[in-house]
Each structure stands twice: as C-alpha cells, then as structure tokens.
Amino acid sequence: MIEIQLNGKTHHLQKSLNVSQLLNSLMINKKKVAIEINGEVLSKDNYDSYRIKQNDVIEIVTFIGGG
172 MIEIQLNGKT
182 HHLQKSLNVS
192 QLLNSLMINK
202 KKVAIEINGE
212 VLSKDNYDSY
222 RIKQNDVIEI
232 VTFIGGG
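With the numbering used here applied, the sequence shown covers 172 to 238.
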C-alpha cells in the first residue's frame, strides 16, 4: 500500500498509479486541473508517465469558471 498526502489529507493507494489513473479513480477531468507534486507543477504531458510514489505530496487544483 502506498501512502500519499492528497490536498492536505493522508490518502492510501492499493498500488502505484500514474497521475492520469489517480485522476480517473477520483472522477476528476484532467483537462480542468493543475497538479503539483512535491512542490513542483507537473506538466499535463507527464500525467501518464509520472508514477506516484510513497510519501508524495500532491495538490490538485480545479479550475472553476466564473464571472
């Protein structure tokens, strides 16, 4: 089991996932978010290749339209 910090809360994953898989499991549209991992913004081009590791600190910021 992998333990991560997700938006300030401890979260457990059954196995290592890439960022796209994590977003899918949380039912989050990857086109409408920005991801920061361990203090660095992750490019959308790397969502499929970055494998989440033990103790990663992940922040998911959702874009919300307004006016």
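Heads up, the beta-carbon is just placed ideally off N, CA and C, and yes, glycines get one too.
Worksheet entry | Selection from I173, K186, M172 and M198 that minimises the alpha carbon distance to I231 | M198
Discussion item. Pull the bridge partners of L242 from the DSSP assignment, please.
Written reply: In the structure as shown, the chain starts at 172 and stops at 238, and residue 242 therefore has no counterpart that could be examined.
Item to complete: Following the continuous alpha helix (DSSP H) through L197, name the residue where it begins and the one where it ends.
Response: From DSSP, L197 is part of no alpha helix (DSSP H); its letter is neither H nor E.
Discussion item. Does N209 come out as helix, strand or coil in the three-state DSSP assignment?
Written reply: coil
Worksheet item: What are the partner residues of V204, as DSSP defines its beta bridges?
Response: T233
Practice prompt. Tell me, to the nearest whole angstrom, how far the beta carbon of Y218 is from that of K201; I am working on the premise that it is less than 8 Å.
Written response: 6 Å
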